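Participant: Heads up: take any position in the sequence shown, counting from 1, add 1012, and you land on the numbering used here.
Virtual Cβ for every residue (Gly too), placed ideally from N, Cα, C.
Just so you know, these numbers come straight off a predicted model, no measurement behind them.
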Amino acid sequence: MFTHGNESRHSENDAESSDAPIADQRGQRDAPPAAPRPHSDPEVARGLLGKIETVRTQLQSVIRGKADVIDSVLTCILAEGSVLVEDVPGVGKTTLAKSIAALIDLEFQRIQCTPDLLPSDILGSAIFQPASGEFHFRRGPIFCNLLIADEINRASPRTQSALLEAMAESQVTIDSTQYRLEKPFIVIATQNPVGFEGTYPLPESQLDRFLFRLSMDYPDQESEIDLLLDQASHDPSSELTPVMHRDELATLQRFVREVTVDRKVVRYLVALVNATRQDTRLRVGCSPRGSKMLLRAAQARAVLDQRDYVLPDDIQEVAVAVLAHRVSMRSVSTSWNDAASVIDELMRQTEVVV
1013 MFTHGNESRH SENDAESSDA PIADQRGQRD APPAAPRPHS DPEVARGLLG
1063 KIETVRTQLQ SVIRGKADVI DSVLTCILAE GSVLVEDVPG VGKTTLAKSI
1113 AALIDLEFQR IQCTPDLLPS DILGSAIFQP ASGEFHFRRG PIFCNLLIAD
1163 EINRASPRTQ SALLEAMAES QVTIDSTQYR LEKPFIVIAT QNPVGFEGTY
1213 PLPESQLDRF LFRLSMDYPD QESEIDLLLD QASHDPSSEL TPVMHRDELA
1263 TLQRFVREVT VDRKVVRYLV ALVNATRQDT RLRVGCSPRG SKMLLRAAQA
1313 RAVLDQRDYV LPDDIQEVAV AVLAHRVSMR SVSTSWNDAA SVIDELMRQT
1363 EVVV
């Protein structure tokens, strides 16, 4: 499926791999051009797509009636992004995250966020060793492939901010020392709806670190019946075994960056983003970083649907989840659902150029 053609490929790393020479302080352009990036093997991609489809199918057997949410979370993971799942307790948010970790053989850690949780409880801290008379750094739970942060908005803003650098740059800085996080690194955070007792709303700067913001909602009646019958005598999630290795996921994430994006599709994406900046109902529209995240998510959606090119449909599938938490409504009494409705309306109004 993935081709080796000369099509234009767009990713946030294009500037880093540009062939343009670098000018020195005297204005001379004598630096050699950068070597072209190697393309990934399409045969490898086909095999990995079969595995991600198996992951998708097995998740649907555990999380009943939420195929759209499962597809969104897998899209986010393929795009190397973190996801924030908001809903009432008990609808399967944590089960979904743990099931993904089991199926993709990811090293995962789970944090139960509480008001007294400290940043060092997540990042780690230096511990004094009396025998040697030295401090040794003890790594916190953030040093894993998949971090599950349960009820993140119950933690204090100071503790919430401990995740910002990790989600944005895949590294943490502790006592002036930088520690790289192993890839793939993903955060799946859950939060209670705003207004629940003991919650601290996440600021816009932290919401922007999440690629997707989703809501699971209650299952439909038939799905809930199936769920109860499935778990009458055992827990299906405890029987999941890995069908994909973390290195294979990292390879598939690299394939996502190579998915072909036509200029007309990017033009449609930018038109949609510009519409958020001009709509009078919105105080703040989507930033250029939001545009980049929307493009990456559309590439990942195309891969999940087993295509090596992006369609406008891919952008429409992910636009609400990517953009709704990156815009601000003018009215303080409005909610994330109101912003999602605005994004959905703007999609219908924006012309699709083919």
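1) Taking just the CA atoms, how far does residue 1266 sit from residue 1035?
2) Looking only at its own chain, which residues have a Cβ that is under 6 Å from the Cβ of residue 1118, when we skip the five neighbours before and after it?
3) Which stretch, first to last residue, makes up the alpha helix (DSSP H) that contains residue 1134?
4) Indicate whether residue 1086 and residue 1067 have their beta-carbon atoms separated by less than 9 Å.
5) Measure the Cβ-Cβ separation of residue 1213 and residue 1076 and say whether it is below 9 Å.
6) From what residue to what residue does the alpha helix (DSSP H) around residue 1361 run?
7) Is DSSP giving residue 1365 helix, strand or coil here?
8) What first and last residue would you give for the beta strand (DSSP E) that runs through residue 1318?
9) In its own chain, which residues sit with a C-beta less than 7 Å from the C-beta of residue 1359, not counting the 5 before and 5 after it?
10) Since residue 1148 sits in a beta bridge, which residues does DSSP pair it with?
11) Once DSSP output is grouped into helix, strand and coil, what is the label at residue 1200?
12) Quick check: the stretch 1349 to 1356 against the stretch 1281 to 1299, are there 3 or more CB pairs under 8 Å?
13) Taking contact to mean 3 or more Cβ pairs, one atom from each stretch, closer than 8 Å, check whether the stretch 1290 to 1302 and the stretch 1178 to 1196 are in contact.
14) Enumerate, from N- to C-terminal direction, the unbroken alpha helix (DSSP H) stretches of 4 or more residues contained entirely within the stretch 1076 to 1133.
15) Short of 8 Å in beta carbon distance, which residues of its chain neighbour residue 1171, apart from the five on each side in sequence? Order them along the chain.
16) How about residue 1116 and residue 1323: do their beta carbons lie closer than 9 Å?
17) From the DSSP output, in three-state form, read off residue 1244 for me.
18) Can you grab the Cα-Cα spacing for the pair residue 1347 / residue 1341, in whole Å?
19) Quick check on this structure: which residue in 1245, 1264 and 1293 has the alpha carbon closest to the alpha carbon of residue 1318?
20) Quick one: which unbroken beta strand (DSSP E) runs of 3-plus residues sit fully inside the stretch 1271 to 1315? Chain order, please.
21) Assign residue 1163 to buried or exposed, taking buried as 16 or more other Cβ atoms, counted over all protein chains shown, within 10 Å of its Cβ.
22) Give me the residue from 1350, 1138 and 1093 with the minimum Cα distance to residue 1195.
23) Ordered along the chain, which non-local residues of its own chain (more than five positions away) have a Cβ less than 8 Å from that of residue 1226?
Facilitator: The short version:
1) Only weak support is given to the placement of residue 1035: the predicted model assigns it a pLDDT of 37, under 50, and the question is left unresolved by the model.
2) 1157, 1158 and 1258
3) 1131 to 1135
4) yes
5) no
6) 1348 to 1361
7) coil
8) First-last for residue 1318: undefined, no H or E at that position.
9) 1284, 1328 and 1331
10) 1139
11) strand
12) yes
13) no
14) 1079 to 1090 and 1105 to 1115
15) 1125, 1129, 1130, 1131, 1133 and 1134
16) no
17) coil
18) 8 Å
19) 1264
20) 1294 to 1296
21) buried
22) 1093
23) 1081, 1084, 1085, 1095, 1096, 1097, 1098 and 1333
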